[in-house]
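>
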Amino acid sequence: MLATTSGGSTSAKHADFSPLAKRRVIIWPDNDEPGLKHAQEVADRLIELGATVRLVNTANLPPKGDVVDWLREHPKAKAADLDKLPLVDYAKAENVTVAAEVWPEPLSPDAYHGLAGEIVQAIEPHTESHPAAILGQLLEAFGNCTDSRPHYRVEGSRHTTNLFTTIVGKTSKARKGTSWGRITQLFRQVDDRWTRACIQSGLSSGEGLIWAVRDPITKRVRKGKGADSYMDEEEVDAGVNDKRLLVIEEEFASTLRVMGREGNTLSPVIRKAWDGHRLTTMTKNSPACATGAHISIIGHITVDELRRYLGRTECGNGFANRFLYLCVRRSKSLPDGGSLADDALKPLAERLTQAIERASVIERVTMDDAARAIWHAVYPELSEGLPGLLGAVTSRAEAQVIRLALLYALLDNSAVIQPAHLRAGLAIWEYAEASARYIFGSAVGDPVADDILRSLRAISDGLTRTDISALFKRHKDRETIGRALELLQEKNLAKCEQRKTGGRSVEVWSAC
């Protein structure tokens, strides 16, 4: 039986499909977005009536073409010829969904080594914050309070104790801010002057960041009169003596938005700060520079905001990979809040103070033979890198692990990185990489391509163009999907093959 629906692609709700109940039905949609959407609506109605539904795969048919165009080219066609067309089982297409990235597994016990683990254990029962947020910000604060004297050298690079960490909540209620409150409660007992003078917020420009840790500013002035006059340097600003600065941005999305403005210098200055380089800009009216600055940054943001505002430029220029990304969510519900008294933290604060005092006289940190053996084993994988956007934001894996291991060594009052310190650093890195995978997806920086790739990796049999269109509820046009597939193919992340389906061959995509 041949049937048509009247009224174009919006008539599915008004047509009577009861004569097709429990029948075997093949739907031939018009090869355009309205036609494909209409076919899906019709198929939904027929499925409710117990019909078995298949769709003609229009991927290799002329754009905007329909059954009438095909019949013109095949005037002697019979109903049996329909079985030779590329068909897709509608139930399969309907059930194909975009595969979600997996939330990171909990931090390995290795991450809770030594004093850091004891502090997290003491704080965690009294806060709704995620353990990764507590631990990550604890290491940030310790590393900044310590200053830049202790370091580990890798060839010509000098890695110090400053970290950049982004605490990424699934929602705005992930209790990111409460975790920082517990860290400051602890550090007020460790170094109250540091908490009052060296913790700031308000990242908006490179010039502003430099000003917060500026060197003394001088200008040349003429002194004396007549033949006895001479030029001399005169100090016009005393600068900042304490070059430690921990920037806490609880609305990090605002910082990322500001960075996108034309002429903003924040990104290059932040990159130099992580590297420990002299900070300066070429802005004519900004004479300030900073030497020996020890800058750490903590940003709080939601997953959606980070995906929206971290642009491709910052992913590609090295800004993004200087940050550790830690996914967090509320760990528990405490309607009355926590009840962690300062006295309960006092013994831990005293040990933390001792570690900071010991670190102040340590300069070059080394690695013992046992830790070096572990390092040699993991280094090839760390340095190999990953493809696409995920690879771009995790490409400083080796440096990040070294900095983390350095912090654990100093917390143990040690000038030598030992196996436990390296394993702790690796544990945090594994969580950070898993977080980046959850946030940025598998891949390429194109949201459509990322969604397609996740689904290709989840479905071993591959997907036809019709299946892929169904991933997006047929809301993505043919050209958008085509560009995404080309991008995946260029990066060797997906491949295409032609498969026979009883008639014409069908284009099937699968992950490489």
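Residue numbering for the sequence shown follows this note's numbering, starting at 36 and increasing by one per position. Heads up, the beta-carbon is just placed ideally off N, CA and C, and yes, glycines get one too.
#1: What's the call for Pro139, buried or exposed, on a 16-neighbour Cβ count within 10 Å?
#2: Are Leu281 and Ser214 closer than 7 Å when you measure CB to CB?
#3: In angstroms with no decimal places, state the Cα-to-Cα distance between Gly352 and His109.
#4: Taking 8 Å as the limit between beta carbons, can you name the residues of its chain near Arg509, skipping five residues before and five after?
#5: By how many angstroms is the C-alpha of Ser164 removed from the C-alpha of Leu244?
#6: Mind checking Gln389: buried by the 16 CB within 10 Å criterion, or exposed?
#7: Might you give, ordered along the chain, the residues of its own chain that have their beta carbon closer than 7 Å to the beta carbon of Lys254, omitting 5 neighbours on each side?
#8: Buried or exposed for Val396, please, with buried defined as at least 16 other CB atoms from any protein chain shown within 10 angstroms of its CB.
#9: Secondary structure at Met317, three-state DSSP: helix, strand or coil?
#10: Can you check which of these residues, Ala505, Asp447, Ser495, Asp481, is closest to Leu520 by C-alpha distance?
#11: At which residue ranges does the region 264-304 contain complete alpha helix (DSSP H) runs of 4 or more residues, listed in the order of the chain?
#12: Provide the residue(s) that pair with Ile437 in DSSP beta bridges, ordered along the chain.
#13: Rounded to the nearest angstrom, what separates Leu198 and Leu369 at their Cα positions?
#14: Residues in its own chain within less than 6 Å of Cys362 by CB, not counting five upstream and five downstream?
#15: Please report the straight-line C-alpha distance between Ala328 and Thr316, rounded to a whole angstrom.
#16: Taking the beta strand (DSSP E) that Lys530 belongs to, which residues open and close that run?
#17: Which one of Trp309, Val543, Gly497, Ala262 has the shortest CA to CA distance from His194?
#18: Kindly indicate which three-state DSSP category Gln235 falls into: helix, strand or coil?
#19: Within 10 angstroms of the Cβ of Tyr466, are there 16 or more other Cβ atoms? Answer buried if so, exposed if not.
#20: Examine the Cβ distances between the region 373-386 and the region 223-234 and report whether three or more of them are shorter than 8 Å.
#21: On a Cα-Cα basis, can you pick out the residue from Arg393, Gln533, Trp544 that is closest to Gly178?
#22: Quick one: complete alpha helix (DSSP H) runs, 4+ long, within the region 139-185?
#23: State the beta-bridge partners of His335 as determined by DSSP.
#24: For the putative contact between Leu221 and Leu380, defined by C-beta atoms under 8 Å, what is the C-beta separation to the nearest angstrom?
#25: Mapping DSSP to helix, strand and coil, what is Asn130?
#26: Give the DSSP-derived three-state secondary structure of Ser44 in the structure shown.
#27: Can you have a look at Leu506 and say buried or exposed, based on whether 16 or more other CB atoms are within 10 angstroms of its CB?
#28: Report yes if the CB atom of Val60 is closer than 7 Å to the CB atom of Leu84, and no otherwise.
#29: Quick one: grab the DSSP three-state call for Val189.
#30: With a cut-off of 8 Å on the beta carbons, I'd call Leu375 and Ile158 a contact; round off their distance for me.
#31: Tell me whether the beta-carbon of Ile154 lies closer than 7 Å to the beta-carbon of Leu142.
#32: Just verifying my parser: in three-state terms, what is the DSSP assignment at Ile391?
#33: Apply the 10 Å Cβ neighbour rule to Ala146 and answer buried if 16 or more other Cβ atoms are within range, or exposed otherwise.
#34: Pull the bridge partners of His329 from the DSSP assignment, please.
#35: What distance in whole Å lies between the Cβ atoms of Leu461 and Ala546, which are believed to be in contact at a cut-off of 8 Å?
#36: Skipping 5 residues on each side, what residues in its chain have a beta carbon closer than 7 Å to that of Ile234?
From the atom records:
#1: buried
#2: no
#3: The sequence given here places Asn at residue 352; Gly does not occur at that position. Answer to the nearest angstrom: the Cα atoms are 55 Å apart.
#4: Glu68, Leu71, Lys72, Gln75
#5: 29 Å
#6: exposed
#7: Glu269, Val271
#8: exposed
#9: coil
#10: Asp481
#11: 287-294
#12: Ile437 is not bridged to any residue.
#13: 30 Å
#14: Pro139, Val203, Ser470, Tyr473
#15: 15 Å
#16: 529-535
#17: Trp309
#18: strand
#19: buried
#20: yes
#21: Arg393
#22: 149-158, 166-181
#23: Ile202
#24: 5 Å
#25: The predicted position of Asn130 is uncertain, since its pLDDT is 48 and thus under 50; a value taken from the coordinates is nonetheless stated next. If DSSP states are grouped into helix, strand and coil, Asn130 belongs with the helices.
#26: The predicted position of Ser44 is uncertain, since its pLDDT is 49 and thus under 50; no value can be drawn from it.
#27: buried
#28: no
#29: strand
#30: 6 Å
#31: no
#32: helix
#33: buried
#34: Arg279
#35: About 28 Å separates the two Cβ atoms, so there is no contact after all.
#36: Leu281, Ile283
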